[in-house]
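Inspection log for the structure reproduced underneath, given as structure tokens.
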Amino acid sequence: MLKRLWILALASILCLGAFQTAFAATSMKIAHGNIEDPADPYQVLALKFKELVEAANVGIEVEIFAGGQIGSENAAFQDVQTNIIQACVLASNNVSGFATSYSALDLPFLFTSIQDFEKVLKDNEEDLIRVMVAESDVRPVAWGAQGFRVLSNSKKPVKTLADLHGLKIRLPNNAIQLATFRAWGSDAVPMAFGELFGALQQGVVDGLEMTYISLAQLKYYEVQKYVTDLRYKLAINPLVVSEMWFEELTPEQQKSIIEAGRGATAHALAASVGMDTEGMRILAEKGVVLDGRPADEAEWIAKSRAIWPDYYHLIKDQKLLDGILASLNIKKP
Numbered sequence: 281m282l283k284r285l286w287i288l289a290l291a292s293i294l295c296l297g298a299f300q301t302a303f304a305a306t307s308m309k310i311a312h313g314n315i316e317d318p319a320d321p322y323q324v325l326a327l328k329f330k331e332l333v334e335a336a337n338v339g340i341e342v343e344i345f346a347g348g349q350i351g352s353e354n355a356a357f358q359d360v361q362t363n364i365i366q367a368c369v370l371a372s373n374n375v376s377g378f379a380t381s382y383s384a385l386d387l388p389f390l391f392t393s394i395q396d397f398e399k400v401l402k403d404n405e406e407d408l409i410r411v412m413v414a415e416s417d418v419r420p421v422a423w424g425a426q427g428f429r430v431l432s433n434s435k436k437p438v439k440t441l442a443d444l445h446g447l448k449i450r451l452p453n454n455a456i457q458l459a460t461f462r463a464w465g466s467d468a469v470p471m472a473f474g475e476l477f478g479a480l481q482q483g484v485v486d487g488l489e490m491t492y493i494s495l496a497q498l499k500y501y502e503v504q505k506y507v508t509d510l511r512y513k514l515a516i517n518p519l520v521v522s523e524m525w526f527e528e529l530t531p532e533q534q535k536s537i538i539e540a541g542r543g544a545t546a547h548a549l550a551a552s553v554g555m556d557t558e559g560m561r562i563l564a565e566k567g568v569v570l571d572g573r574p575a576d577e578a579e580w581i582a583k584s585r586a587i588w589p590d591y592y593h594l595i596k597d598q599k600l601l602d603g604i605l606a607s608l609n610i611k612k613p
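Counting from 281, one number per residue, gives the positions in the sequence shown under this note's numbering.
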């Protein structure tokens, strides 16, 4: 009897140890570079994802590191690749530096609405996952957006292409975005995001392209005076996880990640619909001049779409590009 009790006790201890080990192995760290504010687009996506994953009760505990605590978006993505951290939220144009076929999402004037992106996501979800995993060992599991990237500057109203000439505009180090602004005649300056605010204060650059909500939340109204409603690029921000980490999860845990990602996507995209309006409201209150759409918008579109063929070579997986264009009913230039 004593021997049997001893065996049962030992088995219980071993089971408890295995249970604790399993829980330790499924901790999940999510990093992003935006502010730790429940209204911030990155944080909206990360918080909803955390809520849904933990509600599934499959042994995954999620911790969010906001404000660039882990480093830049590129550094965070590299840490996800090697499973130093398990996930991050970042701009899609930074993903394309690692999974170059994602350059398809960088093409200017690709989307006209959040609904356009929702259709692309619905029609091409499998290819978007397949391509990122194949090219970077990272898996997209959720998607957010924060409105359209618009043009701001400190010097003058920009209402036509001619007004842009001579302005030094900061761009992320993304080939397509740089080429787009150069096609418009701008002095496009690649610069790390962390250097941007100081560069604007010192006059190193005159302006930038960013969403209304980010211009407002990050207080760029302190160093910018004019905003043109350019809307040349939808600001898409995927939440990505390490494929190495994902493959080590149990089937039940993988299912919970996928389902939480879909729920977080629906929540974040719905929340993004009002972000342009809210950002515009704050900027106007702070005295920023909102100049509306360019008077010669068709010319901006024509000049930027003319560069598309120059960058098809970056999109290694042409099936992905063809699928996106088919979803949007756009003839390939």
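Glycine is no exception: its CB is placed at the ideal position from the N, C-alpha and C atoms.
Listed as beta-bridge partners of residue 506 by DSSP are 433, 569. Note: residue 365 is not bridge-paired with any residue in the DSSP secondary-structure output.
Counting only runs of 3 or more residues that sit fully inside the region 320 to 376, the beta strand (DSSP E) segments are 341 to 345, 367 to 369, in chain order. Rounded to whole angstroms, the gap between the alpha carbons of residue 490 and residue 360 is 25 Å. Taken through DSSP and simplified to helix, strand or coil, residue 471 comes out as coil. In the three-state reduction of the DSSP assignment, residue 498 falls in the coil class, being assigned neither a helical nor a strand state.
A direct Cα-to-Cα measurement between residue 562 and residue 363 gives close to 39 Å.
With 16 or more neighbouring CB atoms inside 10 Å of its own CB, residue 460 falls in the buried class.
Inclusion of residue 555 and residue 426 in the CB contact set at 7 Å is warranted, their separation being smaller than that value. Selection 478, 450, 602, 531 evaluated against residue 339 yields 531 as nearest (Cα-Cα). Put simply, of 519, 380, 511 the residue whose alpha carbon is nearest the alpha carbon of residue 393 is 511. Contact between residue 346 and residue 314 is confirmed by a C-beta separation of about 6 Å, below the 8 Å threshold. Judged by DSSP in its simplified three-state form, residue 543 adopts helix. Partner residues in the beta bridge of residue 487, as assigned by DSSP, are 433, 449. Taking a contact as a CB-CB distance under 8 Å, the pair residue 413 and residue 523 counts as one, their CB atoms being some 5 Å apart. With fewer than 16 other Cβ atoms inside 10 Å of its own Cβ, residue 611 counts as exposed. A contact is defined here as three or more CB-CB pairs under 8 Å, and the region 534 to 550 fails this definition with respect to the region 587 to 605. The region 317 to 330 makes contact with the region 417 to 435; the number of CB pairs closer than 8 Å reaches 3 or more. Close CB contacts of residue 328 within its chain, under the 6 Å cut and outside five residues either way in sequence, are with 544, 547 (chain order). In this structure, residue 407 places its C-beta atom within 7 Å of the C-beta atom of residue 603.
Spatial neighbours of residue 474 in its own chain (CB-CB distance under 8 Å, excluding positions within 5 residues in sequence) are listed in chain order as 348, 352. Membership of residue 578 in the alpha helix (DSSP H) is indicated by the continuous run 577 to 585.
Looking at the backbone, the Cα of residue 390 and that of residue 585 are separated by about 9 Å.
Here residue 450 is buried. Its C-beta has 16 or more other C-beta atoms within 10 Å. Bounds of any beta strand (DSSP E) do not take in residue 409; it lies within the alpha helix (DSSP H) bounded by 394 to 416.
Excluding its 5 nearest sequence neighbours in each direction, residue 409 has C-beta neighbours in its own chain below 7 Å: 419, 420, listed in chain order.
Of the residues 325, 367, 509, the one whose Cα lies closest to the Cα of residue 560 is 509.
Counting other Cβ atoms within 10 Å of its Cβ, residue 402 stays below 16 and is therefore classed as exposed. Of the residues 397, 445, 370, 357, the one whose Cα lies closest to the Cα of residue 550 is 397.
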